[in-house]
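Below is one structure, written out as structure tokens; comments come after it.
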Amino acid sequence: MVAAVLAFPAAPASAAGTYVYTTFKGDGAADQELWVYESTNGTTFSALADTNYRGPTGVLRDPSIIKQGDRYYIAYTVQSWTTNSTHFNIATSTNLTSWTHVASVASGISNTRFVWAPEFFVDGGTIRIIASVAQTTCSACFRPYVYTAQNSTLTSWSGPAQMWGLGTNHIDTFVVRDGGTYHAFVKDETSKYIEHWTTTANLTSGWVQRAALWTAGHEGPSVLRMDDGTWRIYIDRYTNGGMWTATSRDLNTWSDITRVTCSGCRHGTVTRR
Numbered sequence: 038m039v040a041a042v043l044a045f046p047a048a049p050a051s052a053a054g055t056y057v058y059t060t061f062k063g064d065g066a067a068d069q070e071l072w073v074y075e076s077t078n079g080t081t082f083s084a085l086a087d088t089n090y091r092g093p094t095g096v097l098r099d100p101s102i103i104k105q106g107d108r109y110y111i112a113y114t115v116q117s118w119t120t121n122s123t124h125f126n127i128a129t130s131t132n133l134t135s136w137t138h139v140a141s142v143a144s145g146i147s148n149t150r151f152v153w154a155p156e157f158f159v160d161g162g163t164i165r166i167i168a169s170v171a172q173t174t175c176s177a178c179f180r181p182y183v184y185t186a187q188n189s190t191l192t193s194w195s196g197p198a199q200m201w202g203l204g205t206n207h208i209d210t211f212v213v214r215d216g217g218t219y220h221a222f223v224k225d226e227t228s229k230y231i232e233h234w235t236t237t238a239n240l241t242s243g244w245v246q247r248a249a250l251w252t253a254g255h256e257g258p259s260v261l262r263m264d265d266g267t268w269r270i271y272i273d274r275y276t277n278g279g280m281w282t283a284t285s286r287d288l289n290t291w292s293d294i295t296r297v298t299c300s301g302c303r304h305g306t307v308t309r310r
């Protein structure tokens, strides 16, 4: 079960038509920093800022963004995909260009080898982060764990709660809720497909796989409900570069994927400005 949580006031609705996308550029040392893009349609993005922000470790990857009140927060991976890591970081900004470190959140898992792709999940007034954790004691064993904010400044977090039933060796778990159903979009690190899983129980149990989506060779899914009520997913085609997108009216049936205009963009997330 998920630990007791602290509820926060829900963020006010933003004006329609403006989206921001946080990302990084690649595996080179100079590319593992925060870039911010903006768009009026969710498919064509232009650079708003190369923030040069890399956090305390000097590496920033896979940034996930939310807006709470007049502040933006990002959670991100703190090392390259070949370097061991045992925590994820959080930073904040009021203007999307200048960022300040907020917290380093330890995995809380014994023998941690990697902590990847922390993804925000805001459910009503509760702020959570879902991170992919692998251990040194097994191979192909990435699992998703839920961490819950314990205060409004996001400086204090609960320990990990495993998302039971979601399978072994899954990374980049992104969750949205529609009515009484939780939907998880996640990369199977064995098959390299983006998978769709659902549960009506709670965030940490009852997960059932619904589909393997599109073709192998994608990762970093993120999903946003657009101003017209449809859902849009963004995925990183890491095999030959570029961000791609598809739409759905019910989170179950998706259009074909098309390329997003966002030069050099990689795994990240989109939110309303």
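The sequence shown begins at 38 in the working numbering and counts up one residue at a time. For every residue, glycine included, the Cβ atom is placed at its ideal position computed from N, Cα and C. As the structure is a prediction and not an experimental result, all values here were calculated from the model.
For this session: Give the range of the beta strand (DSSP E) segment to which M263 is assigned.
Result: First-last for M263: undefined, no H or E at that position.
Exercise. Would the stretch 233-248 and the stretch 269-286 be scored as touching if the rule is three or more Cβ pairs under 8 Å?
Worked result: With the rule of 3 Cβ pairs closer than 8 Å, the stretch 233-248 does not count as touching the stretch 269-286.
Exercise. Taking the beta strand (DSSP E) that Y58 falls in, what are its first and last residues?
Worked result: First-last of the beta strand (DSSP E) with Y58: 56-60.
For this session: May I ask you to list the residues that DSSP assigns as paired with Q199?
Result: DSSP links Q199 through a beta bridge to Y182.
For this session: Figure out for me which residue from F61, T55, Y56, V57 has the closest Cα to the Cα of C302.
Result: Of the listed residues, the one whose Cα sits closest to C302 is F61.
Problem set entry | Outcome for L240 when other beta-carbon atoms lying within 10 angstroms are tallied against a minimum of 16 | So L240 counts as buried.
Problem set entry | Option in D264, D287, T282, M263 with minimal Cα separation from T252 | Taking only the C-alpha atoms, the option nearest T252 is T282.
Problem set entry | Cross-strand partners of T131 (DSSP beta bridge) | Paired residues: none, contrary to the question.
Problem set entry | Close Cβ partners of V96 (< 7 Å) along its chain, the five nearest in sequence each way excluded | Result list for V96: Q69, V115, Q116, S117, in chain order.
Exercise. Between the Cα of S176 and the Cα atoms of N206, T185, M200, which residue gives the shortest distance?
Worked result: Comparing Cα positions, the closest option is N206.
Problem set entry | Given V183 as reference, the closest of T190, S189, V170 once Cα atoms are compared | Taking V183 as reference, the option from T190, S189, V170 with the minimal CA-CA separation is V170.
Problem set entry | Contiguous beta strand (DSSP E) assignments of at least 3 residues, all confined to the stretch 229-269 | Within the stretch 229-269, the complete beta strand (DSSP E) runs of at least 3 residues fall at 231-236, 245-250, 256-262.
Exercise. Taking the beta strand (DSSP E) that T149 falls in, what are its first and last residues?
Worked result: For T149, the uninterrupted beta strand (DSSP E) segment begins and ends at 149-160.
Exercise. Which two residues bound the contiguous beta strand (DSSP E) that contains P67?
Worked result: Reading the sequence as shown, one finds Ala at residue 67 and not Pro. From DSSP, A67 is part of no beta strand (DSSP E); its letter is neither H nor E.
Problem set entry | Burial state of H220, where buried means 16 or more other Cβ atoms lie within 10 Å | By the neighbour-count definition (other C-beta atoms within 10 Å, threshold 16), H220 is a buried residue.
Exercise. Which residue's Cα is closest to the Cα of T290: S300, T267, T173?
Worked result: Closest option to T290, Cα to Cα, is T267.
Problem set entry | Per-residue DSSP class, three states only, for E75 | Reduced to three states, the DSSP call for E75 is strand.
Exercise. Going by alpha carbons, who is nearest to T29 out of Y110, R98, G106, S300?
Worked result: Nothing about residue 29 can be reported from this structure: the residues present for the chain run from 38 to 310 only.
For this session: Return the chain-ordered ranges of every beta strand (DSSP E) run that is complete within the stretch 87-114 and spans a minimum of 3 residues.
Result: Within the stretch 87-114, the complete beta strand (DSSP E) runs of at least 3 residues fall at 98-105, 108-114.
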